[in-house]
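The numbers in the sequence shown follow our numbering, run straight up by one, and end at 108.
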Amino acid sequence: MANAVIRTGGKQYRVTEGDLLRVEKLAGEPGSKVTFDEVLMIGGDEPKFGQPLVSGAKVEAEIVAQDRADKIIVFKFKRRKKHRKKQGHRQSFTQVKITGVKA
């Protein structure tokens, strides 16, 4: 089973076939297919390294869910100035299941 390193949403992920992965939000409905073309490395018996990308390599995945992460609280405070700012944030994400690594 080959593994690979892909780049999506400004981050890099090491993936293997069958992995469940949370990535930055992608367009698409649950059940639809998505292809990651930015493959930086293919592992296995003879690994291939890209400079920066491996030509012709792609990783196929299926969208499992579109959701939002837990809320985080952003609280800004300046002492002795009566300045307080409270703000919440929920980041959107897409959960994908890796279905194939093609070299």
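Heads up, the beta-carbon is just placed ideally off N, CA and C, and yes, glycines get one too.
Counting C-beta pairs with one atom in each stretch, the region 81-101 and the region 57-64 have fewer than three that are closer than 8 Å, which means they do not touch. Looking at the DSSP output, L45 sits in no beta bridge, so it has no partner there. Annotation note: the region 54-81 contains the following uninterrupted beta strand (DSSP E) runs of length 3 or greater, listed N- to C-terminal: 63-73. Short of 6 Å from the beta carbon of M46, and not among the five residues preceding or following it, lie these beta carbons of its own chain, in chain order: V10, F54.
Annotated as distal: A7 and V101, with beta-carbon spacing of 8 Å or more. The Cβ-Cβ distance between T99 and K30 falls below 8 Å. Taking C-beta atoms as the reference points, G33 and I103 fail to come closer than 8 Å. With distances taken between CA atoms, T21 lies nearest to V44 out of K81, V44, A70, D72.
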